[in-house]
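Same order as they appear, the protein sequences are chains A and B.
Counting along the first sequence from 1, when you hit position 22 you're at 22 in my numbering, and nothing is skipped either side.
Counting along the second sequence from 1, when you hit position 29 you're at 143 in my numbering, and nothing is skipped either side.
Structure first, commentary second.
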Amino acid sequence: ILNVEQSPQSLHVQEGDSTNFTCSFPSSNFYALHWYRWETAKSPEALFVMTLNGDEKKKGRISATLNTKEGYSYLYIKGSQPEDSATYLCASAKIIQGAQKLVFGQGTRLTINP
Amino acid sequence: DVKVTQSSRYLVKRTGEKVFLECVQDMDHENMFWYRQDPGLGLRLIYFSYDVKMKEKGDIPEGYSVSREKKERFSLILESASTNQTSMYLCASSLPGTTNEKLFFGSGTQLSVL
Chain A
1 ILNVEQSPQS LHVQEGDSTN FTCSFPSSNF YALHWYRWET AKSPEALFVM
51 TLNGDEKKKG RISATLNTKE GYSYLYIKGS QPEDSATYLC ASAKIIQGAQ
101 KLVFGQGTRL TINP
Chain B
115 DVKVTQSSRY LVKRTGEKVF LECVQDMDHE NMFWYRQDPG LGLRLIYFSY
165 DVKMKEKGDI PEGYSVSREK KERFSLILES ASTNQTSMYL CASSLPGTTN
215 EKLFFGSGTQ LSVL
């Protein structure tokens, strides 16, 4: 089993502040790195799927970077808003029978204080 | 948008009961997955299926089986429910072979085994 680690496990941030958190994954046999946002009482939703070393993706105020050689990804949120409160999951993927099999980290629970 | 529907949001069962968790997706995805989420742990893969009648064990298949008789439906079966199977169960689907092969999740079933 791949070991995917996220830090910190939880984070409290003031509204308007920027924040970031980390996902570490084994760099061998890397295929893809996924980020999901999981709001309470809703389904997890995909934010980014990243495959290339040095890749950077952006969606509104949220962006992510990927370093496949050293096995880490950062997720950044600029100017945090209350609606950003959620658990952020990352997952490292490998291919089995043509399907991406994901191994998830334990998540970073983000709370934005108004 | 893809919709992944899980039949129950909350379920309470007794030890030893046979339990069926149903999942239906409406976008003709080949891949379907069952995960469980426990506090402090990441999403853990129980089983996945990459085609009708095909199944692969995930990381924690013990005590579970699955059925995929139709492309849109993937069932998780607890043959004899035990208290350690109390958990949040999430179903997901994906379309293989795309560069952005992200998972689409259902809203989850919180199962309590008494």
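Positions of the beta carbon are idealized from the N, C-alpha and C atoms, including for glycine.
May I have the straight-line CA-CA distance separating residue i from residue j, to the nearest angstrom?
i                : j                : result
Asp148 (chain B) : Ile160 (chain B) : The sequence shown places Trp at residue 148 (chain B), rather than the Asp named in the question. Looking at the two C-alpha atoms, the distance is approximately 6 Å.
Gly98 (chain A)  : Tyr124 (chain B) : 33 Å
Ala91 (chain A)  : Trp38 (chain A)  : 13 Å
Thr32 (chain A)  : Gln14 (chain A)  : The displayed chain sequence assigns Ala, not Thr, to residue 32 (chain A). Each residue's alpha carbon lies about 32 Å from the other.
Thr200 (chain B) : Asn67 (chain A)  : 37 Å
Ser194 (chain B) : Val133 (chain B) : 7 Å
Phe104 (chain A) : Gly156 (chain B) : 5 Å
Gln120 (chain B) : Phe218 (chain B) : 12 Å
Glu131 (chain B) : Lys167 (chain B) : 25 Å
Pro153 (chain B) : Ala86 (chain A)  : 15 Å
Val118 (chain B) : Gly79 (chain A)  : 32 Å
Asn113 (chain A) : Leu11 (chain A)  : 10 Å
Leu225 (chain B) : Met202 (chain B) : 6 Å
Thr19 (chain A)  : Lys59 (chain A)  : 15 Å
Could you name the residues that DSSP lists as bridge partners for residue i?
i                : result
Ile191 (chain B) : B:Phe134 and B:Ser179
His34 (chain A)  : A:Val49 and A:Ala91
Met146 (chain B) : B:Ser163 and B:Ser207
Lys69 (chain A)  : None; Lys69 (chain A) has no bridge partner.
Glu15 (chain A)  : DSSP output for Glu15 (chain A) lists no bridge partner at all.
Arg109 (chain A) : A:Ser10 and A:Thr87
Lys78 (chain A)  : Partner(s): none; Lys78 (chain A) has no beta bridge.
Lys184 (chain B) : B:Arg187
Reducing DSSP to helix, strand and coil, say where residue i ends up.
i                : result
Asn198 (chain B) : helix
Glu56 (chain A)  : strand
Glu170 (chain B) : strand
Glu83 (chain A)  : helix
Ser226 (chain B) : strand
Ala41 (chain A)  : coil
Arg123 (chain B) : coil
Glu215 (chain B) : coil
Leu157 (chain B) : coil
Phe21 (chain A)  : strand
Ile1 (chain A)   : Note that Ile1 (chain A) scores a pLDDT of 44, beneath 50, so its modelled location is shaky and nothing firm can be said.
Arg128 (chain B) : coil
Asn174 (chain A) : Missing from the structure shown is residue 174 (chain A); chain A here goes from 1 to 114 and no further.
Ser63 (chain A)  : strand
Gln97 (chain A)  : coil
Can you round the beta-carbon distance between residue i and residue j to whole angstroms, since I take them to be within the 8 Å contact cut?
i                : j                : result
His34 (chain A)  : Leu102 (chain A) : 6 Å
Glu215 (chain B) : Val49 (chain A)  : 7 Å
Tyr36 (chain A)  : Leu89 (chain A)  : 4 Å
Arg182 (chain B) : Lys171 (chain B) : Not confirmed; about 14 Å, so no contact.
Ser163 (chain B) : Met146 (chain B) : 5 Å
What in chain A is Cβ-close to residue i, meaning under 7 Å?
i                : result
Glu136 (chain B) : Per Cβ cutoff of 7 Å: no residues; Glu136 (chain B) is ~16 Å from chain A at best.
Phe219 (chain B) : Ser43 and Pro44
Asn145 (chain B) : Ala99
Note down, in chain order, every chain B residue with its Cβ under 8 Å from the Cβ of residue i.
i               : result
Gly54 (chain A) : Under the 8 Å cutoff, chain B gives no residues; its nearest Cβ is about 17 Å from Gly54 (chain A).
Phe25 (chain A) : In chain order: nothing, as chain B lies at least about 11 Å away.
Which chain B residues are close to residue i, counting only those with a beta carbon under 9 Å from its beta carbon?
i               : result
Phe30 (chain A) : Correct list: empty, because the minimum Cβ distance to chain B is about 15 Å.
Leu75 (chain A) : Result: empty, since nearest Cβ-Cβ is about 15 Å, beyond 9 Å.
Would you mind telling me which residues of chain B sit closer than 7 Å to residue i, beta carbon to beta carbon, in chain order?
i               : result
Asp12 (chain A) : First, the residue type needs correcting, since residue 12 (chain A) is His and not Asp in the sequence shown. Per Cβ cutoff of 7 Å: no residues; His12 (chain A) is ~18 Å from chain B at best.
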